[in-house]
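Heads up: the protein sequence lines correspond to chains A and B, in order. Using my numbering, read the first sequence as starting at 1 and increasing by one per residue. Using my numbering, read the second sequence as starting at 302 and increasing by one per residue. From the three backbone atoms N, C-alpha and C, an ideal C-beta is built for every residue, glycine too. Keep in mind the model is a prediction, meaning the values are calculated, not measured. Working notes for the structure below.
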Amino acid sequence: MKRFIYLTWTILFLPLHLLAQDELPRPVTNILSLRMGQGKMRDTYLTPLLYTGSGISLEGQRWRMHRNLDWTSWQLADIAFSTGEDHGHDSEAWAGRLRYRYGILRRWSDSLDPLTLDIRPESSPWSFYLGPYAGIDLGFDYNLKIASSNNPATARITTNLGAAGAVCYRFQTPAAQGMRVMLQAHAPLLGMGFCPEYGASYYETFYLDSSDHIFHFTSLHNQQDLDVQLAVDFPLAIIPWFRSFDSVLRLGGSYHIETMDINDITTRYSSFEFVIGWVYQYLPFSRRKASLLKRSPYDAY
Amino acid sequence: MHIDNSKSSRVAYGSRLASLYCLLSFIFCLSSCLDDDLMEQDDSLRGNFEAFWQTLDQHYCFFDEKGVDWDGVHRKYAPLFDDSIKTQFELFNVLDEMIDTLRDGHIDVYAPFNIARYWSWYEDYPNNYDDNLVREYYLGTNYWYTAGMQYVMYRRDSVAYVRYSSFNSAIGATNLDYVLALIRNANGLILDIRNNGGGSLANAVTLAERFATEKTLYGYIRHKVGRGHDDFSKPEPLYVEPPTDRMMWNASKRPVVILTNRHCFSAANNFVQIMRALDGTMTPDSLGILLPKMIKICGDRTGGGSGLPFESVLPNGWSMRFSACPMTDENGQSTESGIDPSPGLKVDMDSLSAFQNHCDDIIEAARQYIMEHTLAPRKEPESE
Numbered sequence: 001m002k003r004f005i006y007l008t009w010t011i012l013f014l015p016l017h018l019l020a021q022d023e024l025p026r027p028v029t030n031i032l033s034l035r036m037g038q039g040k041m042r043d044t045y046l047t048p049l050l051y052t053g054s055g056i057s058l059e060g061q062r063w064r065m066h067r068n069l070d071w072t073s074w075q076l077a078d079i080a081f082s083t084g085e086d087h088g089h090d091s092e093a094w095a096g097r098l099r100y101r102y103g104i105l106r107r108w109s110d111s112l113d114p115l116t117l118d119i120r121p122e123s124s125p126w127s128f129y130l131g132p133y134a135g136i137d138l139g140f141d142y143n144l145k146i147a148s149s150n151n152p153a154t155a156r157i158t159t160n161l162g163a164a165g166a167v168c169y170r171f172q173t174p175a176a177q178g179m180r181v182m183l184q185a186h187a188p189l190l191g192m193g194f195c196p197e198y199g200a201s202y203y204e205t206f207y208l209d210s211s212d213h214i215f216h217f218t219s220l221h222n223q224q225d226l227d228v229q230l231a232v233d234f235p236l237a238i239i240p241w242f243r244s245f246d247s248v249l250r251l252g253g254s255y256h257i258e259t260m261d262i263n264d265i266t267t268r269y270s271s272f273e274f275v276i277g278w279v280y281q282y283l284p285f286s287r288r289k290a291s292l293l294k295r296s297p298y299d300a301y
Numbered sequence: 302m303h304i305d306n307s308k309s310s311r312v313a314y315g316s317r318l319a320s321l322y323c324l325l326s327f328i329f330c331l332s333s334c335l336d337d338d339l340m341e342q343d344d345s346l347r348g349n350f351e352a353f354w355q356t357l358d359q360h361y362c363f364f365d366e367k368g369v370d371w372d373g374v375h376r377k378y379a380p381l382f383d384d385s386i387k388t389q390f391e392l393f394n395v396l397d398e399m400i401d402t403l404r405d406g407h408i409d410v411y412a413p414f415n416i417a418r419y420w421s422w423y424e425d426y427p428n429n430y431d432d433n434l435v436r437e438y439y440l441g442t443n444y445w446y447t448a449g450m451q452y453v454m455y456r457r458d459s460v461a462y463v464r465y466s467s468f469n470s471a472i473g474a475t476n477l478d479y480v481l482a483l484i485r486n487a488n489g490l491i492l493d494i495r496n497n498g499g500g501s502l503a504n505a506v507t508l509a510e511r512f513a514t515e516k517t518l519y520g521y522i523r524h525k526v527g528r529g530h531d532d533f534s535k536p537e538p539l540y541v542e543p544p545t546d547r548m549m550w551n552a553s554k555r556p557v558v559i560l561t562n563r564h565c566f567s568a569a570n571n572f573v574q575i576m577r578a579l580d581g582t583m584t585p586d587s588l589g590i591l592l593p594k595m596i597k598i599c600g601d602r603t604g605g606g607s608g609l610p611f612e613s614v615l616p617n618g619w620s621m622r623f624s625a626c627p628m629t630d631e632n633g634q635s636t637e638s639g640i641d642p643s644p645g646l647k648v649d650m651d652s653l654s655a656f657q658n659h660c661d662d663i664i665e666a667a668r669q670y671i672m673e674h675t676l677a678p679r680k681e682p683e684s685e
């Protein structure tokens, strides 16, 4: 039995092993960020009022270069929660969001040597990324003032194809070695979205299973969503007191605006948030492959 | 890997500029045109009046049925805000008067100091219910109580009496199983929902389905699909169907009488509508003979309230409620203004008799109906 399992395993995965042996590992960057700031929200399914308050979100990003360094896979997942009050502080609303995006971005940069993954000394400090992504967004709004009504909350579900892009500048002066500034943005362009009908109750939609006109084609004509982040990646080692730390700190700001106009229901969100994060770069290599590299590349975007 | 540095650098330079241009253009265009919508609403007295008027104008569902000229209401009250309305109390009074024009118990404005409302749907009619009388002489102190239902079985005629005062009280399937099992040998069932102002429609359906033997149409619901007064969806049929493996009530042999008054509103009105639809539907007995269900409504006309209400909030923080989704009965007839008792069972309470003889005329009429129509084999009741 053991022999059979070993044989099956070998037949199935031998081609992958052989392929992998010819490849160098490609850099991966993970970014874990906490975003905190102020936001506004409005959902006319619940009330036409604008709610202003604060929000917090936890965001994870993963950038992984492909074999020829011209393409990068990009993943983003975040979970957010925000609360807001109307301007008279008489009513309160909550909102939550869960997002996932997976994109393949074209990379324009000559910073890395494709064979050794070393940073080229004469390379341009700029890197550019642009490409499509697919994603899913889940969200809800809940109004505490009308919590006991038939319309206390509303849900948002969208699946999207969108565009993501980034511009990265790498400082090359010895004093700021390893510092980078990154401007990135992503926006859905078309997809499908759930929205209740103008005056339909969730009782009717789900209890009575009345699902007419609740799924809609979304595009820029009825959904605009833009998430922009400007951040500085800051190696702690450039500070004399933190010489022994090899961590990279991310500090920055983000701006997110999201609107949806479906079934005469208007949904608006916007937020300005402070970003603090931890950037973790690594090469997914074995010890044998490590011998092929002189050192770990620093520029993993 | 061979790289042509000169060619690649030219291509890369152009590509960088293009991508940067696209990215920045996209960001600036989108953000500048989107942020305009995130403006506060006008919180002046006039602004709140307009918000209230507009919310109803766009969402209220009974303008045509009630023949209300809502634009005329605006023309009447809007000029007052130019000079005479100066305080929030005066604003409140105006909104209260506007509510009165709609004659709908589902419309309220909740201010911190008062509730603007229309309660004439029951205040202008006989009460037909005396809570002290029921508690003292029809429930006593040894009644059983679960899931908002107080119930007892009368030793004299073996009639079960269940008092359910609010559809806000959640009804569990197991609760109902026990109640129906404990009163299963009764000659009939009196279900007293007088003064029941409504609650959850789901509770009304949960209770009513124990009297159904097959999927039965009991009405239709619609909702607004746009801001126009007659922008409605197609009617969505509403069905009640019996649950599987649950304790049921055989209304073909043991009549059910629902006691109503003008204070039966909203979900209670819907419950009566469902039960009325079940009346007369056939149930096979043990020999396969089809017998019509005996489900009757006794007492006074219900208060109505067939619109599923939504809520919203005004700029000053006052919340408001209004009918948003109209429901009709199985024949497409509105029950917004109430449901009449079954023929021959329109009964008003005699207050003097209630006081002197401790007699609830509506309950007594229901008991009489049950004893005249029950097909249950006569047995000694098990409990009281």
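Can A/I262 and A/N222 be called in contact, C-beta distance under 7 Å?
As a first step, residue 262 of chain A is located in the first sequence; it is residue number 262 there, counting from the start. As a first step, residue 222 of chain A is located in the first sequence; it is residue number 222 there, counting from the start. Yes, these two residues count as a Cβ contact at 7 Å.
Beta strand (DSSP E) containing A/G191: first to last residue?
Walking along the first sequence from the start, residue 191 of chain A turns up at place 191. In the DSSP assignment, A/G191 falls within the beta strand (DSSP E) that extends over 180 to 194.
Cβ contact check for the region 188 to 208 of chain A and the region 231 to 248 of chain A: 3 or more pairs under 8 Å
Touching, no.
Beta strand (DSSP E) segments (min. 3 residues) lying fully within the region 469 to 542 of chain B
Here the runs fully enclosed are 489 to 493, 517 to 522, 537 to 541.
Cβ of B/E637 within 7 Å of any chain A Cβ:
Residue mapping note: residue 637 of chain B aligns to position 336 of the second sequence, counting from 1. So no, B/E637 is outside the interface.
As assigned by DSSP and simplified to three states, the class of B/V435:
Locating residue 435 of chain B in the second sequence gives position 134, counting from the first residue. It is helical.
Residues within the region 147 to 159 of chain A neighbouring chain B, beta-carbon criterion of under 7 Å
Listed by position, the residues of the region 147 to 159 of chain A near chain B (Cβ gap below 7 Å) are S149, N150, N151.
Quick one: measure Cβ to Cβ for B/Y438 and B/H659, integer angstroms, because I've assumed they're closer than 8 Å.
Position 137 of the second sequence, counting from 1, holds the residue named residue 438 of chain B. Position 358 of the second sequence, counting from 1, holds the residue named residue 659 of chain B. Rounded, the Cβ-Cβ distance is 5 Å, consistent with contact.
Would you say A/D209 faces chain B, with C-beta separation under 7 Å as the test?
Sequence index remark: in the first sequence, residue 209 of chain A carries index 209 (1-based). Not one chain B Cβ lies under 7 Å of A/D209.
How close, in whole Å, do the beta carbons of B/M628 and B/I522 come, if the pair is a contact with beta carbons under 8 Å?
Taking the first residue of the second sequence as 1, we reach residue 628 of chain B at position 327. Taking the first residue of the second sequence as 1, we reach residue 522 of chain B at position 221. About 5 Å separates the two Cβ atoms, so the contact holds.
To the nearest angstrom, how far is it from the Cα of B/T636 to the Cα of B/D405?
In the second sequence, residue 636 of chain B corresponds to position 335, counting from 1. In the second sequence, residue 405 of chain B corresponds to position 104, counting from 1. Spanning the two alpha carbons is a distance of roughly 12 Å.
When you compare the CB of A/D264 with every CB in chain B, is at least one pair closer than 7 Å?
Start at 1 with the first residue of the first sequence, and residue 264 of chain A comes out as number 264. So, interface residue.
Spatially closest choice to B/Q359 from A/M182, A/G199, A/R62, by CA coordinates
By 1-based counting over the second sequence, the position of residue 359 of chain B is 58. The candidate whose alpha carbon is nearest that of B/Q359 is A/G199.
Tell me whether the region 491 to 499 of chain B and the region 651 to 667 of chain B touch, counting them as touching only if at least three CB pairs, one residue from each stretch, are closer than 8 Å.
Pairwise C-beta distances place the region 491 to 499 of chain B in contact with the region 651 to 667 of chain B, as three or more of them are shorter than 8 Å.
Could you pull out every residue in the same chain whose Cβ sits closer than 6 Å to the Cβ of B/K597, ignoring the five residues on either side in sequence?
Residue 597 of chain B sits at position 296 when you count from the first residue of the second sequence. If we look at B/K597 and ignore the five residues flanking it on each side, its Cβ neighbours are V558, S643, L646.
At 9 Å on the CB atoms, spell out the chain A contacts of B/H375, in chain order.
Taking the second sequence and counting its residues from 1, the one referred to as residue 375 of chain B is at position 74. Within 9 Å Cβ-Cβ: nothing; B/H375 doesn't reach chain A, min ~17 Å.
Can you name, in chain order, every residue of its own chain whose Cβ lies under 7 Å from the Cβ of B/S654, other than the five neighbours on each side?
Here residue 654 of chain B corresponds to residue number 353 of the second sequence, with the count starting at 1. The answer, listed in chain order, is C660, D662.
Residues of the region 76 to 92 of chain A with a CB closer than 7 Å to any CB of chain B: list them in chain order, please.
D86, H87, G88, D90, S91
Please list, in chain order, all residues of the same chain as A/M179 whose beta carbon is under 8 Å from its beta carbon, the five residues on each side excluded.
As a working mapping, residue 179 of chain A is identified with position 179 in the first sequence. Here the set comprises R170, F171, V232, D233, F234, P235, I238.
Expected contact under 8 Å - CB spacing of A/L130 and A/R99 to nearest Å:
As a first step, residue 130 of chain A is located in the first sequence; it is residue number 130 there, counting from the start. As a first step, residue 99 of chain A is located in the first sequence; it is residue number 99 there, counting from the start. Incorrect: roughly 20 Å between the Cβ atoms, too far for contact.
Taking B/V374 as part of the alpha helix (DSSP H), name the residues at either end of that continuous run.
Along the second sequence, one-based indexing puts residue 374 of chain B at 73. Residue range 371 to 378 is occupied by the alpha helix (DSSP H) that includes B/V374.
Please compile the residues from chain B whose C-beta is within a distance smaller than 7 Å of the C-beta of A/E197.
The residue you call residue 197 of chain A lines up with position 197 of the first sequence. Ordered by position in chain B, the residues that pass the 7 Å Cβ test against A/E197 are H524, V526, S534.
Cβ of B/S624 within 7 Å of any chain A Cβ:
Here the question's residue 624 of chain B lines up with position 323 in the second sequence. Not one chain A Cβ lies under 7 Å of B/S624.
Could you tell me whether any Cβ in chain A is nearer than 7 Å to the Cβ of B/E612?
Walking along the second sequence from the start, residue 612 of chain B turns up at place 311. True, the Cβ-Cβ gap to chain A drops below 7 Å.
Cα-Cα separation, B/A505 to B/N497
Here residue 505 of chain B refers to the residue found at position 204 when the second sequence is read from its first residue. Here residue 497 of chain B refers to the residue found at position 196 when the second sequence is read from its first residue. Their Cα atoms are separated by approximately 11 Å.
A/D43, enclosing beta strand (DSSP E) - first and last residue
As a working mapping, residue 43 of chain A is identified with position 43 in the first sequence. Unbroken beta strand (DSSP E) run through A/D43: 28 to 43.
Under a CB-based cut-off of 7 Å, is A/L50 close to chain D?
Absent from the structure: chain D. Protein chains present are A and B.
Tell me the DSSP secondary structure of B/D363 in three-state form.
Walking along the second sequence from the start, residue 363 of chain B turns up at place 62. In the sequence as presented, Asp is not what sits at residue 363 of chain B; that position holds Phe. It is coil, neither helix nor strand.
Looking only at C-alpha atoms, which of A/D86, A/W74, A/S148 sits nearest to A/K40?
Within the first sequence, the letter at position 40 stands for residue 40 of chain A. Nearest to A/K40 by C-alpha distance, out of A/D86, A/W74, A/S148, is A/D86.
Quick one: residues in its chain with C-beta nearer than 7 Å to the C-beta of B/P585, no 5 flanking neighbours on either side, listed in chain order?
By one-based count along the second sequence, residue 585 of chain B stands at place 284. Answer for B/P585: L591, listed in chain order.
First and last residue of the uninterrupted beta strand (DSSP E) at A/F274:
Counting from 1 along the first sequence, the entry for residue 274 of chain A is found at position 274. Taken as a continuous stretch (DSSP letters only), the beta strand (DSSP E) holding A/F274 covers 265 to 282.
Do the region 544 to 563 of chain B and the region 517 to 533 of chain B touch if we need at least three Cβ pairs shorter than 8 Å?
no
Based on Cα-Cα distance, which residue from B/S421, B/A568, B/L396 lies nearest to B/N415?
As a position in the second sequence, residue 415 of chain B is number 114, starting the count at 1. Among B/S421, B/A568, B/L396, the Cα nearest to that of B/N415 belongs to B/L396.
Do we get a CB-CB distance below 7 Å when we pair B/H407 with the residues of chain A?
Here residue 407 of chain B is taken as the residue at index 106 of the second sequence, counted from 1. So no, B/H407 is outside the interface.
Could you name the residues of the same chain whose beta carbon sits closer than 6 Å to that of B/I484, not counting the 5 residues immediately before and after it, in chain order?
What you label residue 484 of chain B is simply residue 183 of the second sequence in a count that begins at 1. Cβ neighbours of B/I484 beyond the five flanking positions: M454, A461.
Would you kindly work out how many angstroms separate the C-alpha atoms of A/Q21 and A/P27, rounded to a whole number?
Position 21 of the first sequence, counted from the first residue, corresponds to residue 21 of chain A. Position 27 of the first sequence, counted from the first residue, corresponds to residue 27 of chain A. For A/Q21, the predicted structure reports a pLDDT of 46, less than 50, and the residue's modelled location is therefore unreliable. A value from the coordinates is still provided. Their backbone Cα atoms lie some 16 Å apart in a straight line.
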